[in-house]
Amino acid sequence: MKFPASIIAKTLGGTVEGNPEIEVSSFAKIEEARPGDLTFLSNPKYTHFIYTTEASVVLVHKDFVPEQPLKATLVRVDDPYASLAVLLDMVAKALRPVPSGIEQPSFVASGVELPEGVYVGAFAYIGEGVRLGKNVKIYPQAYIGHGCTIGDDTVIYPGVKIYPGCKIGQRCVLHSGVVIGADGFGFAPDALGVYHKIQQIGIAELGDDVELGANTTVDRATMGRTYIDHGVKLDNLIQIAHNVEVGHDTVMAAQVGVAGSTKIGANCVIGGQTGFAGHIHVGDRTTIGAQSGIPNNVAPDSRLMGYPAVPAGEFARNTVYIKRLGNLFDSVAQLRKDLDNLSK
Amino acid sequence: MKFPASIIAKTLGGTVEGNPEIEVSSFAKIEEARPGDLTFLSNPKYTHFIYTTEASVVLVHKDFVPEQPLKATLVRVDDPYASLAVLLDMVAKALRPVPSGIEQPSFVASGVELPEGVYVGAFAYIGEGVRLGKNVKIYPQAYIGHGCTIGDDTVIYPGVKIYPGCKIGQRCVLHSGVVIGADGFGFAPDALGVYHKIQQIGIAELGDDVELGANTTVDRATMGRTYIDHGVKLDNLIQIAHNVEVGHDTVMAAQVGVAGSTKIGANCVIGGQTGFAGHIHVGDRTTIGAQSGIPNNVAPDSRLMGYPAVPAGEFARNTVYIKRLGNLFDSVAQLRKDLDNLSK
Amino acid sequence: MKFPASIIAKTLGGTVEGNPEIEVSSFAKIEEARPGDLTFLSNPKYTHFIYTTEASVVLVHKDFVPEQPLKATLVRVDDPYASLAVLLDMVAKALRPVPSGIEQPSFVASGVELPEGVYVGAFAYIGEGVRLGKNVKIYPQAYIGHGCTIGDDTVIYPGVKIYPGCKIGQRCVLHSGVVIGADGFGFAPDALGVYHKIQQIGIAELGDDVELGANTTVDRATMGRTYIDHGVKLDNLIQIAHNVEVGHDTVMAAQVGVAGSTKIGANCVIGGQTGFAGHIHVGDRTTIGAQSGIPNNVAPDSRLMGYPAVPAGEFARNTVYIKRLGNLFDSVAQLRKDLDNLSK
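As they're listed, the protein sequences go chains B, S and R. Each position in the first sequence, counted from 1, maps to that position plus 172 in the numbering used here. Each position in the second sequence, counted from 1, maps to that position plus 172 in the numbering used here. Each position in the third sequence, counted from 1, maps to that position plus 172 in the numbering used here.
Written out as structure tokens, the structure reads:
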């Protein structure tokens, strides 16, 4: 399929600057694009590439002012990244087959209903009493334990494991290797230091529109539920411990760990490899830099970084101070010398 | 099922304070409990909730002294958390079906014996020469490579992968996504910087009563064995490299990484996201705070934290010093000024 | 099988010092070896064990000079570890069965060709249009999405998941739990803070001779490809985000995370649990210590460590300075006191 710049602009509510008839048939990153590709400019780090890119069409912000001549045809839009998303969505829908029906061999417990549009891949396992919504896609080798509920239009990629009794909302996406509802890490030591298991009889529950990256784990609660609220997006290899709550529309980059019973607010942005202690509260709209360690409660709207985390500005200053510690030791030694000389 | 406070107290060897006939039918956290729920008070952080909880019955320490009037009936016990564990255990046993028998389709190599009480879930794979103990539960989509040994009463959750030749003790619990016995990370670079694989011909072995969390990995040894001793509990997404040894009754929180050939002692408590260098020894009963980095040997009974780790008290002091570095730079600048003035 | 020291030396191009007829039948670590075992000495940390080891034969560097008498027969070679690798390779080839053929039940889409030497384990899934090279081994419960390409002699261990359209080179090894080509973490927030998915229509591609450890994840690109170049070795539980590129013959220890669009050079050595920010370039032959945080571009041949990372020597000095901060505060307080006294 080829599309002229004029049609792309019309689709996105944007305007063409350059050749409205130039056609594109593919997408590429700005630094790698070839003639016939569409690309976009959103991150300012990449602005210099726009003068050399071979892309035929570039999505740019409506107020973008070139500082040099450029060859590409521009399509000016309100938000280049969001516009790209719209185009990618159209392409993805056109290109990707939507599976449905039941592949064999698969295991569906007797009594489980399979509503319209459901896909059950080969070697998938659906236990007793599972309730599936419309258009749920369960890819090969996934496991849905007995008594789970999966909302409409949710996609369960190959090999996902959901332990019994868990609840997944509508339009969720669970990537391969995700484990939902494994036992929380609860053990009580006796006087001899031997740990005895605390049975984890709660569940794990995901609201609507939650996406979990590959190999991310969400443990079941000791009692009650571990809860991921609607709109949360978690990247790969993240650990959510028992009885944790994550507020709606919070996003976490890869390899974050949240210890037991901690409550993370809504609309937070959490950098990769960050760790949260257990039993703390993190306020809404908090932003935390990568690899931070959060030992205590955090007020709403905080911006933190570091181990242990401090306000992001303080972290930056401390980093500079630490770089200058050698000089400081020298200064103090010199002061001592000068003062001793003066005292003589 | 409903149970009166008097029966609960009798079961736990505790005493009732309040209404011995009040009945509970469920568990809940103290801050979320409703009438008819039983809860417990163990972590002092939650003490204030006891005066407002709607729980009908609260397990408390036998010496707990309320500072305000409270509505709930108390059951006084030696250890509220351990007592809760006893009750949860009873409930879990009552509620959870114990699967047994062989679901189809599954793959059991010819000659493998299936002792009494064994469960083999659909799409599970059991290779040649595998020896299974009594009551071993192998859930769907698990893989047991040829020549493995699995002890009595061990539970292998859906999708666990155990490479050939590994040994798992009795009463172990392996959660979904666990990988046992994948090749250790052994490569030797040649003069051109190209890495050549060192075949990993050892095994991975788990003692009795080991529990491994979801997506945790334990690599096989180059030679000999990687060994997790009895009673060890590892949380999710932990990495245990080749030839590591972990002493009995040691516990590790999520996302810890232990590099090759390191020996961790017995009865250690390791915070989440901590990393251990390779080829070191960590003494028994060591406690390490979250996100620490351990580059060298550690004496028994140490309490460490930080990157690189130092004694926990020193870490706390250094954190305070770093917060005051700005003031220190100012003080030194002022001293220089004052001294220069004085010198004139 | 038993081999005399003389044959081992001949195989490795080394020389015997001791009894050329002494025979070994197994491998062991130097501190655990028993009579009849072969071991090696490579890491100087272990040198003291050579005087007490019960091993019958020890591979040592050709210039090794004992400081005490020793019982074991030595085989002197250019590189003991590389020599060990050669021997392990011979043993592994002799001991390990090479599976081939198609186990049932498995799922192979119609039209997929199975060249000579291919193994498809039970419960493996091979989608439409997949192209497999010669001798590809696909173990049980692995998933190869439609349109993937797998090069000759590649090994896909149990439970690996490869999303549609991805490309894997020749002689690659993918360990259990690896996920290739899951969606990159791409979401655009709207004015209300709700995140909308950016479809990830690119692919993930691995060059030849790449080995990925258990539960490591390599996301597909938003557009174009995520690319792991030939000879790269990644340990367990590593996260490679969308559009990342990793240069040839780079190695990473466990639990490293690389954020989106970052380019890592060739021949780098990356310590465990290190994190890389997105959209940065790391030069060739860079060495990075464990648990480092890399926020910015890195020049070739750098040696870095820390959070945020600094040159490794600076990190070591700063660690010492921080240990002495208490003294520094005391010195400054004393200076103030002395100066004030002097000023009176």
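All residues carry an ideal CB built from backbone N, CA and C; glycine is no exception.
Asked	Found
Below 6 angstroms CB to CB, which residues in the same chain sit around Gly186 of chain S once its five sequence neighbours on both sides are set aside?	Val247, Arg248, Val249
Three or more C-beta pairs closer than 8 angstroms, one from the segment 481 to 499 of chain B and one from the segment 450 to 470 of chain B: is that the case here?	yes
With a threshold of 9 angstroms between beta-carbons, can Gly317 of chain B be considered close to chain S, or not?	yes
Mind checking Gln240 of chain S: buried by the 16 CB within 10 Å criterion, or exposed?	exposed
Mind checking who Ile373 of chain R pairs with in its DSSP beta bridge?	The partner list for Ile373 of chain R (beta bridge, DSSP) is empty, contrary to what the question assumes.
Give the DSSP bridge partners of His233 of chain R, in chain order.	R:Val249
Could you give the residue range of the alpha helix (DSSP H) that holds Arg508 of chain R?	497 to 515
Measure how close the beta-carbons of Val229 of chain R and Thr245 of chain R come, nearest whole angstrom, since I'm counting them as under 8 angstroms.	5 angstroms
In the structure shown, what three-state DSSP assignment does Ala413 of chain R receive?	coil
In the DSSP assignment, the beta strand (DSSP E) including Leu210 of chain R goes from what residue to what residue?	209 to 212
May I ask you to report which of helix, strand or coil DSSP gives Lys339 of chain S?	strand
If we ignore side chains and look at the alpha-carbon of each, how far apart do Ile340 of chain R and Pro287 of chain S end up?	41 angstroms
Could you list which residues in chain R have their beta carbon closer than 7 angstroms to that of Val183 of chain B, in chain order?	Inspection of the sequence shows that residue 183 of chain B is occupied by Thr rather than by Val. What Thr183 of chain B touches in chain R: nothing, since even the nearest Cβ is about 15 angstroms away.
Buried or exposed for Met262 of chain R, please, with buried defined as at least 16 other CB atoms from any protein chain shown within 10 angstroms of its CB.	exposed
Using the C-alpha atoms, what's the distance from Leu260 of chain B back to Val196 of chain B?	13 angstroms
Taking any Cβ of chain S, which residues in the segment 340 to 355 of chain B have a Cβ under 8 angstroms from it, in chain order?	Gly349, Val351, Ala354, Asp355
Assuming Gly575 of chain S and Gly319 of chain S form a contact by the criterion Cβ under 8 angstroms, report the distance between their Cβ atoms to the nearest whole angstrom.	The structure shown does not extend to residue 575 of chain S, since chain S spans only 173 to 516, so no value can be given for it.
Less than 9 angstroms between the C-beta atoms of Arg392 of chain S and Gln372 of chain S, yes or no?	yes
Does any residue of chain R bring its CB to less than 9 angstroms from the CB of Tyr223 of chain S?	no
Going along chain B in order, which residues have a C-beta closer than 7 angstroms to the C-beta of Pro277 of chain S?	Pro277
Taking Cβ-Cβ distances shorter than 8 angstroms, what residues in chain R pair up with Ser474 of chain B?	Correct list: empty, because the minimum Cβ distance to chain R is about 16 angstroms.
Which residue from R:Ala264, R:Ala488, R:Glu204 puts its Cα closest to that of Thr224 of chain R?	R:Glu204
Report back the beta-carbon spacing between Phe175 of chain B and Ile202 of chain B to the nearest angstrom; my notes put them in contact at under 8 angstroms.	Incorrect: roughly 18 angstroms between the Cβ atoms, too far for contact.
Using a beta-carbon distance below 9 angstroms, is Ser228 of chain R in contact with chain S?	no
With distances taken Cα to Cα, identify the nearest neighbour of Thr255 of chain S among B:Gly396, B:His368, B:Gly353, B:Lys333.	Sequence check: residue 255 of chain S is Ser here, not Thr. The shortest C-alpha separation from Ser255 of chain S is found at B:His368.
Can you list, in chain order, the residues of its chain with a C-beta nearer than 6 angstroms to that of Glu275 of chain R? Leave out the 5 residues immediately preceding and following it.	Gly293, Ala294
Kindly list, in the order they appear in chain R, the residues whose Cβ is closer than 7 angstroms to that of Glu195 of chain B.	Simply none; closest approach about 17 angstroms.
Report the rounded CA-to-CA distance for Gly554 of chain S versus Asn490 of chain B, giving the unit in angstroms.	In this structure chain S extends from 173 to 516, so residue 554 of chain S is not present and cannot be described.
Examine chain S for any beta-carbon lying closer than 9 angstroms to the beta-carbon of Ser282 of chain B, and answer yes or no.	no
What distance in whole Å lies between the Cβ atoms of Ser348 of chain R and Ala296 of chain R, which are believed to be in contact at a cut-off of 8 angstroms?	Not really, about 13 angstroms apart at Cβ, beyond 8 angstroms.
Which residues does DSSP list as the beta-bridge partners of Arg397 of chain B?	B:Ile375
With 8 angstroms as the limit, tell me which residues of the segment 237 to 256 of chain B have their beta carbon closer than that to any beta carbon of chain R; keep them in chain order.	Asp251, Tyr253, Ala254, Leu256
Can the beta-carbon of Leu406 of chain S be found less than 9 angstroms from the beta-carbon of Val441 of chain S?	no
Drop a sphere of 10 angstroms on the beta-carbon of Asp362 of chain B, count the other beta-carbons inside from all chains shown, and report buried for 16 or more, exposed for fewer.	exposed
Round the Cβ separation of Asp209 of chain B and Ala227 of chain B to the nearest angstrom and send it over; I've been treating them as touching at under 8 angstroms.	5 angstroms
Does Glu486 of chain S get closer than 9 angstroms to chain R when you measure Cβ to Cβ?	yes
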